[in-house]
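K.L.:
Residue numbers (my numbering), protein chains in the order written: chain A, 1 to 317; chain B, 1 to 346; chain C, 1 to 346. Think of the CB as a built atom: it goes at the ideal place given N, C-alpha and C, for glycine as much as any other residue. Computed from a prediction, not measured in an experiment: that's the story for all the values here. Sharing a structure here in structure tokens format.
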């Protein structure tokens, strides 16, 4: 295999090409694009979306959907906000409890799905409503503002163009890649999604794996929520409301199949880069507001088309 | 045990009734009034207090603050319909959609139940009795004027707006352009950035804007709640006091930005007054004793011919300590003169 | 390519199904069993709600219920027909709003009579659906992605063409139709929804096309081998879905008396909820038209019931979620008991 062939066979190569085209195009047309501050802005908006995309990717990996990601994220966001502002908990206490709430929410999703045998779609749709209800019941839609300054400062801190906020998502990405590639439960997770029947025959404890995927998904939603709170500087009840479509779009543009089994940390991350790039480019190019939606659709379609072309070339079709 | 308890309850009730009787003014009414925002939103939090105060001050049987569970028109109309079934006799509504609410209001009218638009108007033709609220066009216009003044009368501005599909957004865009047009080219609009009404979208878009053009733009006018908050915070993060910002509403983050010089001002609205006066007037209308005058001094806005300004004022560093009192005074002025000015009462 | 679009059903269910290999008659019995279970749960809700709050079955409440139900049912159908092929259509809201705005323009802008405008709008909905289907089949890309992108494209095209301006001066006949009541409490919209349901039952039960759609969804490769033109069938299903989305949008126009650009934005989740509650598989190959109607009825009932019961403002969503969970678990439990019994008998 030549280098070119290997590249074309790689599922993320098309997205990478799209990113390169986008970067070159934007850099050529808009001098502001490569400024330090704009790079910082882009990397910063990359953080939450990435973790949220991973949260969905894990449930997709076992052939499930998690519609409660945003609702759970919102709940965790106001929970840590409330703990820090109203109860006066220190950061080191509030954040782990927030993560635990996320994992618990995911665990509930997983257990309900497995125990009742009801489709995860319905379960997470219902729990999403429940999580949102708790969120609104507690906050009456009023945000928590007075968060510890160290926490808020973390959300805006940067080393030239590099936001500190990017550190947790990068660690999450590395751990996740390691988990899926090198650990037994990680491989079993992919096996269950790829072919549940075969996995069961080879002795994988399927229900356990599905519960694990949901729990990790909840945990990652909580990470996303914490990052979002730090980024925004206040714990808003509306956090997570627009995560859903994004959470699907990134892994699927990155090549994850809705049937499960086939997910890629790298491709998902690149898809998120592409999405952030498109959004940034829209503002940079001063697109007429009435055209924003249209171009967004056209660009997604173009990215997908490019990937499809690559797959056909590589003979995957 | 049971008899003793019920006896005690009876006594408690009669005492309460006596107290209530003593406390109420001449016109104790048995109307049930609901104040309904478009969905859960911090802007409407003062309505809860306004409802309780109005119920007490005007001796109304019930004034309740009822919130649709999500910001969706159909959930709002379903809530209204359900409350009709539960015997509510008047509605103060923030239209979840300025046009879409009208069919429901028309049905209320058909059933003899008056409704008024509070905080924001319904689009004419409408059966809303009147609209007590912020004139979105005027507010955006005045805000832009204030911004232009803060910028010294020249420069480039960007308009941050809410949902593009909301009819009010178009009005605000027009208002901003009108104010800019009056400068004869000294001020120009770089772009309108819309759909910034969600926390994360706002953060992403506004920071992208600042990343791309913070050196080219001189002013930001925000005509929605969330982008005001996000823009105030982003300018603080940047440490940029050169770019002037005029926002809307009095979120603590925006007020702090004004105090510290990161925002030039913000357009205050009067949510408490809207709820309080709204409940008062709806009580008069629902009793059948009063009707709305046709020839009252209504303000004509692009949305409706029956508008009453609930008070729009610019909060700046000068009046940040006192603006709440100013709004209170506006509220009591509107309330005390409302009956004579706008109503025909038997 | 549709094989890759099928969602993996829950592993537990897969194994159970594999062990039993239900016969055709068995599947039919199971379906009617499911329907009876769902109907029983709905019935329980109605009995409980009516005994607690007699206002629940007042003419007015029943009328408003029937109207929201009608729209939810048609939205559910729009997703259901695509689920039958094992695909998804995330663009129904966008197609709906395109049809709505087209109808609005034809009536208000060109002055065409409502019937002509509505027919043209339905045709537009069908055309946009066809475009989705065509793109999916030709490109071989997952329907999820294609419709995600086309949702953005269609909505964007609508915004560019309409500038998000509402049409609110439609012929009076349109709004009058939405307000009609038959027998005191039945909205004509519900009758339309039921008629569409009847047509869909005929399609899936008694026509070759319906069976081909199901076969293509159940196992596209096998269907192809046995001579079903899978590509054509998928395109037809998407076309139908587009037309139904247009129909739901037009029903909302009659309900609201206006054509608004904000219609359809919140359809996505309810559109899945009704069919999936009613027993339509996400993996394709099985639909239940009556189940979709019952699923929509269950959700509408719970929502309206919570409002009538005056469940606390902000907590309503929590109760909605919990009751929904309880309802599906009850149904599941009933299903398991019934299964065990029938196994025992065998």
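#1: Along chain C, in chain order, which residues have C-beta atoms closer than 7 Å to that of residue 132 (chain A)?
#2: Report the option in C:307, C:60, C:154 and C:268 whose CA atom is closest to the CA atom of residue 183 (chain C).
#3: Do we get a CB-CB distance below 8 Å when we pair residue 329 (chain A) with the residues of chain B?
#4: Assuming residue 312 (chain B) and residue 274 (chain B) form a contact by the criterion Cβ under 8 Å, report the distance between their Cβ atoms to the nearest whole angstrom.
#5: At what residues does the alpha helix (DSSP H) containing residue 31 (chain B) begin and finish?
#6: Closer than 8 Å, CB to CB, is residue 247 (chain B) near chain A or not?
#7: Residue 63 (chain B) lies in the beta strand (DSSP E); which residues open and close that run?
#8: Since residue 133 (chain B) and residue 260 (chain C) are thought to touch, with beta carbons under 8 Å apart, how far apart are those beta carbons, to the nearest angstrom?
#9: List, from N- to C-terminal side, the alpha helix (DSSP H) runs of 4 residues or more that fit wholly inside the stretch 146-208 of chain A.
#10: Determine, using beta carbons only, whether residue 289 (chain A) comes closer than 8 Å to chain B.
#11: Using a threshold of 8 Å, state whether the C-beta atoms of residue 21 (chain A) and residue 270 (chain A) are closer than that.
#12: Fully enclosed by the stretch 129-168 of chain C, which beta strand (DSSP E) runs are 3 residues long or longer?
#13: Should residue 205 (chain C) go down as buried or exposed, given a rule of 16 or more other Cβ atoms within 10 Å for buried?
#14: For residue 66 (chain B), go through chain C and note every residue whose CB falls closer than 8 Å to its CB, in chain order.
#15: Name the two residues that bound the continuous alpha helix (DSSP H) containing residue 156 (chain B).
#16: Check each residue of the stretch 149-162 of chain C: if its Cβ is closer than 8 Å to any Cβ of chain A, include it; give the result in chain order.
#17: Is it the case that the stretch 32-39 of chain C contacts the stretch 284-296 of chain C, given that we only count it when at least three CB pairs across the two stretches are under 8 Å?
#18: Within the same chain, show all residues whose beta-carbon is closer than 7 Å to that of residue 208 (chain B), passing over the 5 residues directly before and after it, in chain order.
#19: Along chain A, in chain order, which residues have C-beta atoms closer than 8 Å to that of residue 109 (chain B)?
#20: Tell me, please, whether the stretch 96-110 of chain C touches the stretch 233-251 of chain C by the rule of three or more beta-carbon pairs shorter than 8 Å.
#21: So for residue 121 (chain B), helix, strand or coil by DSSP?
#22: Excluding sequence positions up to five away, which residues of its chain have a Cβ less than 8 Å from the Cβ of residue 161 (chain C)?
#23: Have a look at B:308, B:143 and B:337 and flag the residue whose alpha-carbon is nearest the alpha-carbon of residue 128 (chain B).
#24: Enumerate in chain order the residues of its own chain whose CB-to-CB distance from residue 272 (chain B) is below 6 Å, with the five nearest sequence positions on each side excluded.
#25: Mind listing the chain B neighbours of residue 233 (chain A)? Cutoff is C-beta to C-beta under 7 Å, in chain order.
#26: I'd like the ranges of any beta strand (DSSP E) spanning at least 3 consecutive residues and lying wholly in the stretch 43-120 of chain B.
#27: For the stretch 292-310 of chain A, list every residue whose C-beta sits within 8 Å of some C-beta in chain C, in sequence order.
#28: For the stretch 163-196 of chain A, list every residue whose C-beta sits within 9 Å of some C-beta in chain C, in sequence order.
#29: Which chain B residues sit within Cβ distance under 8 Å of residue 77 (chain C)?
#30: Thinking C-alpha only, which one of A:305, A:236 and A:210 is nearest residue 63 (chain A)?
#31: Quick one: give me the first and last residue of the alpha helix (DSSP H) that residue 105 (chain A) is part of.
#32: By DSSP's criteria, residue 248 (chain B) is part of a beta bridge. Which residues make up the other side?
#33: Using 8 Å as the cut-off, can you tell me whether the stretch 43-51 of chain A makes contact with the stretch 100-109 of chain A, which would need three or more C-beta pairs spanning the two stretches below that distance?
#34: Quick one: any contact between the stretch 148-163 of chain B and the stretch 180-194 of chain B, if contact means 3 or more CB pairs under 8 Å?
#35: Got a sec? Which residues, its chain only, sit under 8 Å from residue 264 (chain A) by beta carbon, not counting five neighbours each side?
#36: Counting beta carbon pairs with one atom in the stretch 191-203 of chain C and one in the stretch 101-114 of chain C, are three or more of them shorter than 8 Å?
P.N.:
Answer, in terms of the structure:
#1: Sequence index remark: in the first chain, residue 132 (chain A) carries index 132 (1-based). Neighbours of residue 132 (chain A) across chain C, judged by C-beta separation under 7 Å: 317.
#2: Taking the third chain and counting its residues from 1, the one referred to as residue 183 (chain C) is at position 183. Comparing C-alpha distances from residue 183 (chain C) to each of C:307, C:60, C:154 and C:268 shows the shortest one belongs to C:60.
#3: With chain A represented from 1 up to 317, any question about residue 329 (chain A) goes unanswered, as that position is not in the structure.
#4: The residue you call residue 312 (chain B) lines up with position 312 of the second chain. The residue you call residue 274 (chain B) lines up with position 274 of the second chain. Rounded, the Cβ-Cβ distance is 12 Å, inconsistent with contact.
#5: One-based indexing of the second chain puts residue 31 (chain B) at position 31. Unbroken run through residue 31 (chain B) is the beta strand (DSSP E), 29-36; no alpha helix (DSSP H).
#6: Start at 1 with the first residue of the second chain, and residue 247 (chain B) comes out as number 247. No, no contact with chain A.
#7: For the purposes of this step, residue 63 (chain B) is taken as residue 63 along the second chain, with counting starting at 1. DSSP places residue 63 (chain B) in the uninterrupted beta strand (DSSP E) bounded by 60-65.
#8: Stepping through the second chain from its first residue, residue 133 (chain B) is reached at position 133. Stepping through the third chain from its first residue, residue 260 (chain C) is reached at position 260. About 20 Å separates the Cβ atoms of residue 133 (chain B) and residue 260 (chain C), ruling out a contact at the 8 Å cut-off.
#9: Whole alpha helix (DSSP H) segments, 4+ residues: 149-156, 167-182, 184-194 and 196-201.
#10: For the purposes of this step, residue 289 (chain A) is taken as residue 289 along the first chain, with counting starting at 1. Answer yes: the Cβ-Cβ gap between residue 289 (chain A) and chain B drops below 8 Å somewhere.
#11: For this step, residue 21 (chain A) is matched to residue 21 along the first chain. For this step, residue 270 (chain A) is matched to residue 270 along the first chain. No. Outside cutoff.
#12: Segments of the beta strand (DSSP E) lying fully in the stretch 129-168 of chain C: there are none.
#13: If you number the third chain from 1, residue 205 (chain C) lands on position 205. Burial state of residue 205 (chain C) is exposed, judged by a 10 Å Cβ sphere holding fewer than 16 other Cβ atoms.
#14: Within the second chain, the letter at position 66 stands for residue 66 (chain B). At a beta-carbon threshold of 8 Å, the residues of chain C lying near residue 66 (chain B) are 313, ordered along the chain.
#15: Locating residue 156 (chain B) in the second chain gives position 156, where the first residue counts as 1. No alpha helix (DSSP H) holds residue 156 (chain B); the beta strand (DSSP E) holding it covers 155-160.
#16: From the stretch 149-162 of chain C, only 149, 150, 151, 152, 153, 154, 155, 156, 157, 159 and 160 have a Cβ closer than 8 Å to chain A.
#17: Touching, yes, given that three or more Cβ pairs across the two stretches are closer than 8 Å.
#18: Working through the second chain from its first residue, we reach residue 208 (chain B) at position 208. Same-chain partners within the cutoff: there are none.
#19: Translated into positions along the second chain, residue 109 (chain B) becomes position 109. Here the premise fails: no neighbours, minimum Cβ distance about 30 Å.
#20: Flag = yes, the stretch 96-110 of chain C and the stretch 233-251 of chain C touch.
#21: Against the second chain, residue 121 (chain B) aligns to sequence position 121. Looking at residue 121 (chain B) - three-state DSSP - the assignment turns out to be coil, as it is neither helix nor strand.
#22: Looking up residue 161 (chain C) in the third chain gives position 161. Taken in chain order, the residues that qualify are 101.
#23: As a position in the second chain, residue 128 (chain B) is number 128, starting the count at 1. When C-alpha distances from residue 128 (chain B) are compared across B:308, B:143 and B:337, the shortest belongs to B:308.
#24: Within the second chain, numbered from 1, the residue matching residue 272 (chain B) stands at position 272. Contacts found: 46 and 50.
#25: Here residue 233 (chain A) refers to the residue found at position 233 when the first chain is read from its first residue. Per Cβ cutoff of 7 Å: 233.
#26: Listed in chain order, they are 60-65, 90-93 and 115-119.
#27: So the list reads 292, 293, 294, 295, 296, 297, 298, 300, 301, 304, 305 and 308, given in the order they occur along the chain.
#28: Within the stretch 163-196 of chain A, the qualifying residues are 192, 193 and 196.
#29: Residue mapping note: residue 77 (chain C) aligns to position 77 of the third chain, counting from 1. Residues of chain B passing the Cβ test: none, with the nearest at roughly 18 Å.
#30: By 1-based counting over the first chain, the position of residue 63 (chain A) is 63. Selected option, being the one with the closest Cα: A:210.
#31: Position 105 of the first chain, counted from the start, is the residue given in the question as residue 105 (chain A). From DSSP, the alpha helix (DSSP H) with residue 105 (chain A) extends over 91-116.
#32: Along the second chain, one-based indexing puts residue 248 (chain B) at 248. DSSP, once it has assigned bridges, lists B:267 as partnering residue 248 (chain B).
#33: By the Cβ criterion, the stretch 43-51 of chain A is not in contact with the stretch 100-109 of chain A, since fewer than three pairs of Cβ atoms, one from each stretch, lie closer than 8 Å.
#34: Contact holds between the stretch 148-163 of chain B and the stretch 180-194 of chain B, because three or more Cβ pairs, one in each stretch, are under 8 Å apart.
#35: Against the first chain, residue 264 (chain A) aligns to sequence position 264. Counting only Cβ-Cβ distances below 8 Å, and skipping sequence neighbours, we find 11, 12, 254, 255 and 256.
#36: With a cut-off of 8 Å, the stretch 191-203 of chain C and the stretch 101-114 of chain C do not count as touching, because too few Cβ pairs lie within range.
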